[in-house]
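**Q** For reference, each letter of the sequence shown is one residue, going 1 to 312 in my numbering. Take a look at this one; I'll ask things after.
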Amino acid sequence: MNDAFENPPPVPDPSKAAQPPNPWLLAIRPKTLPASVVPVAVGSAVAFGEGKLALLPAGLALIGALLIQIASNLANDVFDFEKGADTAARLGPTRVTQAGLITPIAMKRALVGVIVAAMVVGLMLGAIGGWPVLWIGFFGLISAVAYTGGPYPLGYHGWGDFFVFLFFGLIAVAGTTYVQTLALSPIALIAGVPVGLLCTNILVVNNVRDVDTDRAAGKRTLVARFGRPFGVAEYAVNLGLSAVACLALVTLLRSPWPALPICSLPLGFRLWTSVRRLAGPALNPVLAETARYEMIFGGLLAAGIALAAVGR
C-alpha cells in the first residue's frame with residue numbers, strides 16, 4: 001500500500017496558523033522604544049558616577065519616558081492619517097489607523113489613557129524632584145502630541161529633529177540624573193548629546209524614506225525641505241558628533257572608558273552607507289537597525305561612564 005495512505009500527512013491545526021500582529025502592538029512600535037530606554041540608562045550611569053544612584057526614581061523615569069514615547073507613537077499614527085501623510089502609498093511599516101485596524105476615535109482614547117498614566121508617573125517624580133521635573137514632564141508630553149497634532153505640528157514644520165535631540169537626548173538624560181541627584185549635572189548634559197543625536201538618526205532614516213510622500217502631504221521635514229542628500233549628510237554628521245561628545249567626556253572624567261562607544265562607529269557608518277544607497281521600503285530594516293545601534297552605543301556609553309567612576 002502506498003506510504004501516503006499508511007502515513008498520511010498531519011492535518012494543519014488552524015489554531016497554530018500564523019496570527020497577524022496585534023494592531024495595538026503595531027501602534028506602540030516596540031522597535032522605537034530604545035529611544036526611551038537609552039537616555040535613562042545613560043542618565044542613571046551619570047548618577048552612579050556621582051555616587052547617588054537611586055533605583056526608584058530611575059525606574060519611574062524609565063516608565064515615564066516609555067509612556068511619553070508611546071504617546072508620541074499613538075499621536076503620530078492617528079494625526080498623520082488625519083492630515084493625509086499616511087495613505088495607501090505609504091512606504092514604511094503598517095500604520096494601524098490608516099490601515100483601518102483601529103479607528104481614529106479608539107486611537108485617541110488610548111492616547112488620552114497613556115497621557116493620563118504618564119501624568120501620574122510625572123506627579124510621582126515631581127514629589128521627588130520638585131517643579132523642574134514637573135515642567136520637564138509637561139513639556140515632554142506636549143511635544144509628544146504636538147509633533148504631529150495640534151494647530152502647529154512640529155514635524156510638519158521641520159522642528160522634529162531639534163525636538164527629538166532636545167527631549168530624547170539632553171533633557172531625558174539630564175532629567176534622569178536630576179531625579180536621582182537633585183542637581184543639574186554638566187556631565188549628564190554632555191552625555192545627552194550623543195544620545196539625542198543617535199535618536200535623531202532614527203527620525204532621519206524615516207524622513208529619507210518618506211521624502212516624496214511627505215512633500216505630497218505638505219509635511220515639511222528637514223529632508224523634505226532640503227532634499228535627500230541633506231538627510232544622508234545629517235546622519236553622518238550625527239555619528240561624528242556623537243564620537244566627539246564621547247571624547248569630551250574622556251577629558252572631563254579623566255578616564256578613557258567613556259570612549260568605549262567609539263568602538264561601535266564602524267557599525268554606525270555601515271548603516272550610513274545603507275541610508276546613502278537605499279530608498280523606499282528597503283530602508284525599513286535600516287530604521288530598525290539604527291534604533292538598535294542607538295541601544296548599542298548608549299549601552300557602551302553607560303558602561304563607560306560607570307567604569308570611569310569605578311576606576312577613580
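Even glycine gets a Cβ: it sits at the ideal position worked out from N, Cα and C.
Could you give the C-beta distance for Val208 and Gly231, rounded to a whole number, given that I count them as a contact under 8 Å?
**A** Indeed, because the Cβ distance is near 4 Å, the residues count as touching under 8 Å.
**Q** Can you tell me whether Cys263 is buried or exposed? The criterion is at least 16 other CB atoms within 10 Å of its CB, across all chains shown.
**A** By the 10 Å Cβ count, Cys263 comes out exposed.
**Q** Out of Ala302, Ala117, Phe165, which has the shortest C-alpha to C-alpha gap to Leu66?
**A** Of the listed residues, the one whose Cα sits closest to Leu66 is Ala117.
**Q** What three-state label does DSSP hand Tyr235 in the structure shown?
**A** Note: Tyr235 maps to helix in three-state DSSP.
**Q** Under the assumption that Ala188 contacts Val46 (Cβ atoms under 8 Å), give the Cβ distance between them as a whole number of angstroms.
**A** Right, their Cβ atoms sit about 5 Å apart.
**Q** Would you mind listing the beta strand (DSSP E) stretches within the stretch 45–110 that are 3+ residues and don't spill past its ends, in chain order?
**A** If we require 3 residues or more, the stretch 45–110 turns out to have no beta strand (DSSP E) run fully inside it.
**Q** Are Ala174 and Leu166 close, meaning C-beta to C-beta below 8 Å?
**A** For Ala174 and Leu166, no; Cβs fall outside 8 Å.
**Q** Considering Cα atoms alone, identify which of Leu307, Arg29, Gly227 is closest to Arg254.
**A** Nearest option by C-alpha distance: Leu307.
**Q** Looking at Gly304: is its Cβ nearer than 8 Å to the Cβ of Ala243?
**A** No.
**Q** Let me check understanding here. Comparing Cα to Cα, which of Ile63, Leu60, Ala309, Gln98 lies closest to Ala75?
**A** Ala75 has its Cα closest to that of Gln98, out of Ile63, Leu60, Ala309, Gln98.
**Q** Buried or exposed for Trp131, going by 16 or more other Cβ atoms inside 10 Å?
**A** By the neighbour-count rule (16 or more Cβ atoms within 10 Å), Trp131 is not buried but exposed.
**Q** Could you spell out the range, first to last residue, of the alpha helix (DSSP H) harbouring Trp257?
**A** First-last for Trp257: undefined, no H or E at that position.
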